[in-house]
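Chemist: Got a structure for you, written out below as structure tokens; questions coming shortly.
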Amino acid sequence: MKTILKTNITVKEICDGFVYNELEGKGLFGLSGKLTIQPEYQRNYIYASDGGKREVAVIESLLKGYPIGLIYFNKVSENNFEVLDGQQRITSVGRFVNDKFAIKDENGMEQYFSGMAKDKKDKVLEANLLIYECEGTESQIKEWFKTINIAGVPLVPQELLNAIYSGPFVTLGKEEFSNSQNANIQKWSAYIKGSANRQAFFERALDWASKGNIDDYMSSHRNDKNINELKKYFNSVIDWISSLFTDVKGEMCGLEWGRMYEQYHKKAYNPAKVSAEVQKLYGNPYVENRKGIFEFILGDSVDTKLLEVRVFDEVVKKSVYASQTKKAESKGKSNCSHCAIGHDANKSKIWRFDEMDADHVAAWSRGGKTAAKNCEMLCRTHNRAKGNR
Ligand SMILES: [Zn+2]
Numbered sequence: 000m001k002t003i004l005k006t007n008i009t010v011k012e013i014c015d016g017f018v019y020n021e022l023e024g025k026g027l028f029g030l031s032g033k034l035t036i037q038p039e040y041q042r043n044y045i046y047a048s049d050g051g052k053r054e055v056a057v058i059e060s061l062l063k064g065y066p067i068g069l070i071y072f073n074k075v076s077e078n079n080f081e082v083l084d085g086q087q088r089i090t091s092v093g094r095f096v097n098d099k100f101a102i103k104d105e106n107g108m109e110q111y112f113s114g115m116a117k118d119k120k121d122k123v124l125e126a127n128l129l130i131y132e133c134e135g136t137e138s139q140i141k142e143w144f145k146t147i148n149i150a151g152v153p154l155v156p157q158e159l160l161n162a163i164y165s166g167p168f169v170t171l172g173k174e175e176f177s178n179s180q181n182a183n184i185q186k187w188s189a190y191i192k193g194s195a196n197r198q199a200f201f202e203r204a205l206d207w208a209s210k211g212n213i214d215d216y217m218s219s220h221r222n223d224k225n226i227n228e229l230k231k232y233f234n235s236v237i238d239w240i241s242s243l244f245t246d247v248k249g250e251m252c253g254l255e256w257g258r259m260y261e262q263y264h265k266k267a268y269n270p271a272k273v274s275a276e277v278q279k280l281y282g283n284p285y286v287e288n289r290k291g292i293f294e295f296i297l298g299d300s301v302d303t304k305l306l307e308v309r310v311f312d313e314v315v316k317k318s319v320y321a322s323q324t325k326k327a328e329s330k331g332k333s334n335c336s337h338c339a340i341g342h343d344a345n346k347s348k349i350w351r352f353d354e355m356d357a358d359h360v361a362a363w364s365r366g367g368k369t370a371a372k373n374c375e376m377l378c379r380t381h382n383r384a385k386g387n388r
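Quick note on numbering that gives the first Met the number 0: the sequence shown kicks off at 0 and runs consecutively.
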């Protein structure tokens, strides 16, 4: 791969013919049409998010004469370049010069580029950028793109995969799942954490459809001219969740829905009963982990570990431990009743308090109370083995 360092290209030249696409949230072209700022494999523009702090910082650096870091171009042909790294910074500059956002001046007043004093304007426009022009095969460039460190905001793994497996499949996938204008995003956001811009929905769709093997899946579908299978699977999962759990709860967001779909979607449920069960558990003060409610119900309300049911308090545990241990010592047996009836070395072992956990004698799921009378201390191993109660 060949690289040339250019130090004489100015902001003014880069911004000549700058086009920003509001709908797609992308800076498109610059350098009098010779530069493609956001090639297909690049991520969307994200410096305007979080209140635009990052794009403002880029402009403030230029005004102070600070460098904004190395920028990498891929030389596609004699008069054609693509931005490999730096498209967020270039888009920030292009947007600013085109009055898409303002910065604050010394007096805290909003200032757009067109309203700035000439000397300040010149400071921005005449700033030189440090640009590496790279020339190489597609695979060389991609391999290298995978390893360069991107200043500011690191690529999320899915952005990296999109770059590595760029092609018609990724393009169509991003059109569907990474497009913040897609009307379905609100619905998806109830179950999936993250933003379209940062590929959260595309990643989840791929993760679900590939059962966790996103890399392989993207590689084998790379040249597909459609994403029908991906869409179909993704929508099946979403439809399954939304028809089963009719009340949307905040805790549903970000759960492992793909895995749960695989595990439970062939079972029949009565949505009215499910809804009543959800309400009941939301009203139960002993349930510590509401995120576990949904899988608890899917699994026929058996695995109370999922709910992290509120445990016995320390005072109760300590007094139960003390009386249990005293009794056990007088008999020369283990203070864990399960160990005591075993046949290994632990049958006379006295566990320390911090080696034991409290257990409901009468299972909580069958109405057992979280009170001293219903508390027994068991060694960690036996408490875990009791599980599912
Ligand atoms: Zn034990």
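Ideal placement from N, C-alpha and C gives every residue a C-beta, glycine not left out. Everything numeric in this text was worked out from a predicted model, so none of it was measured.
For residue 129, tell me which candidate among 171, 64 and 193 has the shortest Cα-Cα distance.
Modeler: To locate residue 129, count along the sequence shown from 1; it is residue 130. For residue 129, the nearest C-alpha among the options comes from 64.
Chemist: Per DSSP, which residues does residue 376 bridge with? Please list them.
Modeler: Here residue 376 refers to the residue found at position 377 when the sequence shown is read from its first residue. In the DSSP output, where bridge partners are listed per residue, residue 376 has 357.
Chemist: Determine the DSSP secondary structure at residue 82, reduced to helix, strand or coil.
Modeler: Residue mapping note: residue 82 aligns to position 83 of the sequence shown, counting from 1. DSSP places residue 82 in strand when its eight states are reduced to three.
Chemist: Within 7 Å: the Cβ of residue 374 and any heavy atom of ligand 1?
Modeler: Counting from one through the sequence shown, the residue named residue 374 turns up at place 375. The answer is no for residue 374.
Chemist: Can you give me the Cβ contacts of residue 124 inside the same chain, cut-off strictly under 6 Å, excluding the 5 residues immediately before and after it?
Modeler: Start at 1 with the first residue of the sequence shown, and residue 124 comes out as number 125. Result list for residue 124: 10 and 11, in chain order.
Chemist: Are the beta-carbon atoms of residue 273 and residue 296 separated by less than 8 Å?
Modeler: Within the sequence shown, residue 273 is the residue found at index 274, counting from 1. Within the sequence shown, residue 296 is the residue found at index 297, counting from 1. In contact: residue 273 and residue 296 (Cβ atoms closer than 8 Å).
Chemist: Just to check my reading of the structure: residue 347 and residue 331 have Cβ atoms closer than 8 Å, yes? What is that Cβ distance to the nearest angstrom?
Modeler: Position 348 of the sequence shown, counted from the first residue, corresponds to residue 347. Position 332 of the sequence shown, counted from the first residue, corresponds to residue 331. With a Cβ gap of about 6 Å, residue 347 and residue 331 count as contacting.
Chemist: Is DSSP giving residue 92 helix, strand or coil here?
Modeler: For this step, residue 92 is matched to residue 93 along the sequence shown. Helix.
Chemist: Is residue 337 close to ligand 1? I mean its beta-carbon at under 7 Å from any heavy atom of the ligand.
Modeler: Position 338 of the sequence shown, counted from the first residue, corresponds to residue 337. For ligand 1, at least one heavy atom lies less than 7 Å from the Cβ of residue 337.
Chemist: What did DSSP end up calling residue 125 once you bin it into helix, strand or coil?
Modeler: Taking the sequence shown and counting its residues from 1, one reaches residue 125 at position 126. Reduced to three states, the DSSP call for residue 125 is coil.
Chemist: Counting along the chain, where does the alpha helix (DSSP H) carrying residue 70 start and finish?
Modeler: The residue labelled residue 70 in the question sits at position 71 within the sequence shown. Run containing residue 70: none in the alpha helix (DSSP H); it sits in the beta strand (DSSP E), 69-76.
Chemist: Check the C-beta distance from residue 67 over to residue 88 and give it rounded, since I have them as a contact under 8 Å.
Modeler: As a working mapping, residue 67 is identified with position 68 in the sequence shown. As a working mapping, residue 88 is identified with position 89 in the sequence shown. About 5 Å separates the two Cβ atoms, so the contact holds.
Chemist: Could you check which residue in 4, 256, 323 and 224 has the C-alpha nearest to that of residue 291?
Modeler: Counting from 1 along the sequence shown, the entry for residue 291 is found at position 292. The shortest Cα separation from residue 291 among 4, 256, 323 and 224 belongs to 256.
Chemist: What does DSSP give as the partner residues of residue 28 in its beta bridges?
Modeler: Stepping through the sequence shown from its first residue, residue 28 is reached at position 29. In DSSP, residue 28 forms a bridge with 18 and 35.
Chemist: Can you tell me whether residue 287 is helix, strand or coil according to DSSP?
Modeler: By 1-based counting over the sequence shown, the position of residue 287 is 288. It is coil, neither helix nor strand.
Chemist: Any heavy atom of ligand 1 closer than 7 Å to the Cβ of residue 345?
Modeler: In the sequence shown, residue 345 corresponds to position 346, counting from 1. Yes.
Chemist: With respect to 7 Å, is the separation between the Cβ of residue 380 and the closest non-hydrogen atom of ligand 1 below this value?
Modeler: Translated into positions along the sequence shown, residue 380 becomes position 381. Yes - ligand 1 has a heavy atom lying nearer than 7 Å to the Cβ of residue 380.
Chemist: Do three or more CB pairs link the region 209-227 to the region 156-168 at distances below 8 Å?
Modeler: Taking 8 Å as the limit for Cβ pairs, the verdict is that the region 156-168 does touch the region 209-227.
Chemist: Alpha carbon to alpha carbon, how far is residue 150 from residue 20?
Modeler: For the purposes of this step, residue 150 is identified with residue 151 of the sequence shown, where counting begins at 1. For the purposes of this step, residue 20 is identified with residue 21 of the sequence shown, where counting begins at 1. With a pLDDT of 43 at residue 150, under the threshold of 50, the predicted position of this residue should be treated as unreliable, and no value is reported.
Chemist: Please state whether DSSP places residue 3 in a helix, a strand or coil.
Modeler: Here residue 3 refers to the residue found at position 4 of the sequence shown. Residue 3: strand per DSSP, three-state reduction.
Chemist: Tell me the rounded alpha-carbon separation between residue 148 and residue 118.
Modeler: Taking the sequence shown and counting its residues from 1, one reaches residue 148 at position 149. Taking the sequence shown and counting its residues from 1, one reaches residue 118 at position 119. Because residue 148 sits at a pLDDT of 49, beneath the cut-off of 50, its placement in the model cannot be relied upon, and the following sentence gives the value as read from the coordinates. Looking at the two C-alpha atoms, the distance is approximately 34 Å.
Chemist: Relative to ligand 1, is the shortest distance from any of its heavy atoms to the C-beta of residue 377 smaller than 7 Å?
Modeler: As a first step, residue 377 is located in the sequence shown; it is residue number 378 there, counting from the start. It does: the Cβ of residue 377 is within 7 Å (strictly closer) of some heavy atom of ligand 1.
Chemist: In three-state DSSP terms, what is residue 136?
Modeler: Position 137 of the sequence shown holds residue 136. Reduced to three states, the DSSP call for residue 136 is coil.
Chemist: Quick check on residue 342: buried or exposed, where buried means 16 or more other Cβ atoms within 10 Å of its Cβ?
Modeler: Position 343 of the sequence shown, counting from 1, holds the residue named residue 342. Counting Cβ neighbours within 10 Å, residue 342 comes out exposed, since fewer than 16 surround it.
Chemist: Does residue 278 come out as helix, strand or coil in the three-state DSSP assignment?
Modeler: Looking up residue 278 in the sequence shown gives position 279. Correct three-state label for residue 278: helix.
Chemist: Assuming contact is defined by CB atoms lying nearer than 8 Å, are residue 81 and residue 35 in contact in what I supplied?
Modeler: Counted from its first residue, the sequence shown places residue 81 at position 82. Counted from its first residue, the sequence shown places residue 35 at position 36. Contact flag set, yes.
Chemist: Mind checking whether the beta-carbon of residue 252 lies closer than 7 Å to any heavy atom of ligand 2?
Modeler: This structure simply doesn't include ligand 2; it includes ligand 1 instead.
Chemist: Starting from residue 324, follow its DSSP beta bridges and name the residues at the other end.
Modeler: On the sequence shown, residue 324 is found 325 positions in, with the first residue counted as 1. Beta-bridge pairing links residue 324 to no other residue.
Chemist: Pick from 181, 133, 70 and 286: whose alpha carbon is nearest that of residue 304?
Modeler: Along the sequence shown, read from residue 1 onward, the residue named residue 304 stands at position 305. Checked all of 181, 133, 70 and 286; the closest Cα to residue 304 is 286.
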